[in-house]
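*Asks:* Next up is a structure, given as structure tokens.
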Amino acid sequence: MRINVSRLRKTFINRIHEILDGDLVATSAAAGNSPKVTALHYLRPSEKSKENWRFMGQALVEELLTNSIGSTEKTPTGRCTDTKTGQFAPKKDGQICMSFVDCLRCRNYVVTGDDLYRLFSFYWRILRERSRMDKTRWQRQLAHIIRLIDRDVIEQGLAKGIFKKTQVAQVKDHARRNPHPYWRSDVTLETLGILT
-17 MRINVSRLRK
-7 TFINRIHEIL
3 DGDLVATSAA
13 AGNSPKVTAL
23 HYLRPSEKSK
33 ENWRFMGQAL
43 VEELLTNSIG
53 STEKTPTGRC
63 TDTKTGQFAP
73 KKDGQICMSF
83 VDCLRCRNYV
93 VTGDDLYRLF
103 SFYWRILRER
113 SRMDKTRWQR
123 QLAHIIRLID
133 RDVIEQGLAK
143 GIFKKTQVAQ
153 VKDHARRNPH
163 PYWRSDVTLE
173 TLGILT
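Going by our numbering, the final residue of the sequence shown carries number 178, and the count climbs one at a time with no gaps.
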């Protein structure tokens, strides 16, 4: 077995990542790299990665069995009627819209009872950002999202009978304890490219 410095460095960085409980930003700072470089070139898949891939496989099998591949455009926050040319989409060379901060203001955004889990996972992710950001910046860029979810989605859904109070409370608690895989990471929204 040949041991070289690059292999030792990868092992060292993976151990730091474990010690920091999967905090990619702190790990990349300790390694002296950007979060993107650390994630792509140094970190090995974790047990959560295996769970996430299993989840993706199950979702794909379900879509294959129900013959619904591509018929719905699910996003990490809900559903979108047009992810390529929608209101906030980049509208360039078929790029998909990743502006999740704008979803709640977009006329193409749709939330059904099945989407509550993803929506509340996003809700709790936004609240977690509050401790990582400057207070005035959080108020300016993210605080409105919590109000929009509570007022425009949940209250309206309850008033129209689309959602049930028990369903909302149950899904909200579940999303807080076990968020959707997209929103589970401790990577900041800025690092994901969602905030600029």
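Just so you know, even glycine gets a beta-carbon here, dropped at the ideal spot from N, CA and C.
As the structure is a computational prediction, the values presented were derived from the model and not from experiment.
1. If you follow the beta strand (DSSP E) that R(-3) is part of, which residue opens it and which one closes it?
2. Closest to F70 by CA distance: which of G60, R89 and T57 is it?
3. To the nearest angstrom, report how far apart R122 and C85 are at their CA atoms.
4. Pull up the DSSP beta-bridge partners for V92, would you.
5. How would you call P27, buried or exposed, if buried means at least 16 neighbouring beta carbons within 10 angstroms?
6. Look up K56 in the DSSP assignment and give the residues it is bridged to.
7. If you draw a straight line from the alpha carbon of L101 to that of G14, how long is it in whole angstroms?
8. Go to K18, then tell me how far its alpha helix (DSSP H) extends in each direction, as first and last residue.
9. Drop a sphere of 10 angstroms on the beta-carbon of E0, count the other beta-carbons inside from all chains shown, and report buried for 16 or more, exposed for fewer.
10. Assuming L86 is part of the alpha helix (DSSP H), what are its boundary residues?
11. Please report the straight-line C-alpha distance between G68 and H162, rounded to a whole angstrom.
12. I'd like the list of long-range same chain contacts for I179, defined as Cβ closer than 6 Å, with 5 residues on each side in sequence excluded.
13. For a test of the three-state rule: what should DSSP assign to K154, helix, strand or coil?
14. Tell whether a beta-carbon distance below 9 Å holds between F82 and T65.
15. Using the beta-carbon count (16 or more within 10 Å), is D97 buried or exposed?
16. Could you pull out every residue in the same chain whose Cβ sits closer than 8 Å to the Cβ of R61, ignoring the five residues on either side in sequence?
17. What's the C-alpha gap between C79 and I(-15)?
18. Using the C-alpha atoms, what's the distance from V135 back to R166?
*Replies:* On the basis of the coordinates in this document:
1. Where R(-3) is concerned, there is no enclosing beta strand (DSSP E), although the alpha helix (DSSP H) it sits in stretches over V(-13) to I1.
2. For the residues G60, R89 and T57, the minimum Cα distance to F70 belongs to R89.
3. CA-CA distance, R122 to C85, rounds to 16 Å.
4. Residue pairing by DSSP puts V92 in a beta bridge opposite R61.
5. Exposed, since its Cβ has fewer than 16 Cβ neighbours within 10 Å.
6. Bridge partners of K56: R61.
7. Spanning the two alpha carbons is a distance of roughly 34 Å.
8. Residues P17 to H23.
9. Sixteen is the threshold: since fewer than 16 other Cβ atoms of the shown chains lie within 10 Å of the Cβ of E0, the residue is exposed.
10. Neither: L86 is in no alpha helix (DSSP H) and is coded neither H nor E.
11. Cα to Cα, G68 sits roughly 24 Å from H162.
12. This structure cannot settle anything about residue 179, because the visible part of the chain is limited to -17 through 178.
13. K154 sits in a helix when the DSSP states are folded into three classes.
14. When the beta-carbon positions are compared, F82 and T65 stay at least 9 Å from each other.
15. Here D97 is buried, its C-beta having at least 16 other C-beta atoms within 10 Å.
16. Excluding residues within five positions, the ones whose Cβ falls inside 8 Å are T54, E55, Y91, V92, V93, T94 and D97.
17. Approximately 44 Å between the Cα atoms of the pair.
18. When only Cα atoms are considered, R166 and V135 end up about 22 Å apart.
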